[in-house]
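For the sequence shown, my numbering gives the first residue as 20, with consecutive numbering after it. Glycine included, C-beta positions come from ideal geometry on N, C-alpha and C. Here's the structure, in structure tokens; my notes come after.
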Amino acid sequence: MSVRVEVPQRLARTALRWCGEQAARPWLAQLPDAVAEFADRWDLTVERPVLPGGALSLTLLVRRADDSPATLKLGLVDRYTAHEADALALWDGVGAVQLLAADTERGALLLERLQPDVSLRSLAEDRAMLEAAEVVRKLWVTPPADCAIEPVADRAHHWGESIPQRYADLGEPCPKALVDEAVSLCRELAASQPETVVLHTDCHHGNVLSGTRSKWLAIDPRPMLGERAFDLGPLVRDRIDTVVAEVRPQAIVRRRVTWLANALDLDPERVRGWALVQTLALGLWCMSVDDPAAEDLLSVAEWLS
């Protein structure tokens with residue numbers, strides 16, 4: 020069914036700030052036509068957008084031809100999201116939202132309907148961590164031999180070069196020792212991974228929603244292939260705004276590392292190391308695009324050092 024949907028202002032602002040005019044402006048301009056196109060292609064009736072929605076995706080509640088509820092997601096395709104549909108297909112609804120149809124080149128996904136307003140953020144932190152650990156455990160499956168998802172080792176090599184370069188470009192906004200440690204960890208951890216599984220890499224409390232067929236299901240993967248310890252960085256730094264407001268925030272972050280490692284039978288030093296690298300890389304990137312989360316992220320990275 021043809022419809023015309025306006026692009027939410029928050030999505031437009033975020034896409035332009037994070038991705039720049041050249042990448043974001045054409046993508047934003049084609050979104051209303053893309054909604055109509057995929058509604059026609061997949062015989063959907065659009066109900067309403069999900070607000071505030073994803074940072075770089077337009078998500079809409081829809082109904083299929085048989086009147087069953089579903090969700091249409093139109094995302095900006097980049098190196099982080101290019102294989103979202105591949106991962107969802109591999110998981111086939113176990114621990115994650117079920118993929119119903121996809122056009123991977125266009126970033127269009129038709130997904131089962133979850134409860135967009137009910138995530139693990141609705142639970143107390145301790146309970147949310149328990150539930151998140153059980154969800155992410157289900158996602159750690161062995162990839163097929165021909166899997167095209169990006170390996171962790173490739174991303175670590177990229178970070179080993181981009182972290183010191185961005186640090187210098189930004190005027191050295193954190194201790195040099197922290198950058199040196201992150202670069203060493205990139206090299207050492209990538210070369211000594213004990214396993215290779217499919218990773219979500221963005222499984223924080225806000226990306227685990229309540230479902231009908233399963234209590235909690237993960238959404239919005241940015242999949243990679245590598246060791247399980249790599250996947251816990253988002254949980255280590257989750258609810259960052261409340262953590263930094265605590266009296267002893269470093270103790271909270273360190274306690275999360277220990278708890279997650281014990282709960283999932285992982286080496287706490289590898290969990291800590293990957294979390295440090297990811298958080299520093301993210302913090303420096305946020306600073307480069309004037310994202311207000313940068314300062315807190317750099318603080319968390321220091322607490323993990």
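Annotation for Ala209: Ala172 and Ala175 place their beta carbon closer than 6 angstroms to its own, counting only its chain and skipping 5 residues before and after. When DSSP states are grouped into helix, strand and coil, Pro242 belongs to the coil group.
With a cutoff of 9 angstroms on beta-carbon distance, Thr78 and Gly72 are scored as near each other. Comparing alpha-carbon positions, the option among Ala313, Thr161 and Pro183 lying closest to Ala106 turns out to be Thr161. For the 9 angstroms CB-CB criterion, Met306 and Leu295 do not form a contact. In the three-state reduction of the DSSP assignment, Pro268 falls in the helix class, which pools H, G and I.
Assigned with DSSP and collapsed to three states, Ala48 falls in helix. The residue among Ala48, Leu91, Thr215 and Ser141 with its C-alpha nearest the C-alpha of Arg67 is Leu91. By the Cβ-count criterion, Glu191 is exposed, with fewer than 16 other Cβ atoms from all chains shown falling within 10 Å of its own Cβ. If you check the CB distance, Val276 and Arg258 do not come in under 9 angstroms. One Cα belongs to Val26, the other to Gly126, and the distance between them is close to 16 angstroms. In the three-state reduction of the DSSP assignment, Ala121 falls in the strand class. In the same chain as Leu251, and ignoring 5 residues on each side of it, the C-beta atoms closer than 7 angstroms to its own belong to Leu279, Val290 and Ala294, in chain order. Under the DSSP assignment, Pro183 falls in the alpha helix (DSSP H) whose first and last residues are Val171 to Asp188. Rounded to whole angstroms, Asp145 and Leu35 show a C-alpha spacing of 36 angstroms. For Lys157, the enclosing alpha helix (DSSP H) covers residues Glu144 to Leu158.
Between Trp46 and Leu129, the CB-CB gap reaches or exceeds 9 angstroms. With respect to Thr298, Arg256 sits close: the two C-beta atoms are nearer than 9 angstroms. Annotated three-state conformation of Gln212 is coil, per DSSP.
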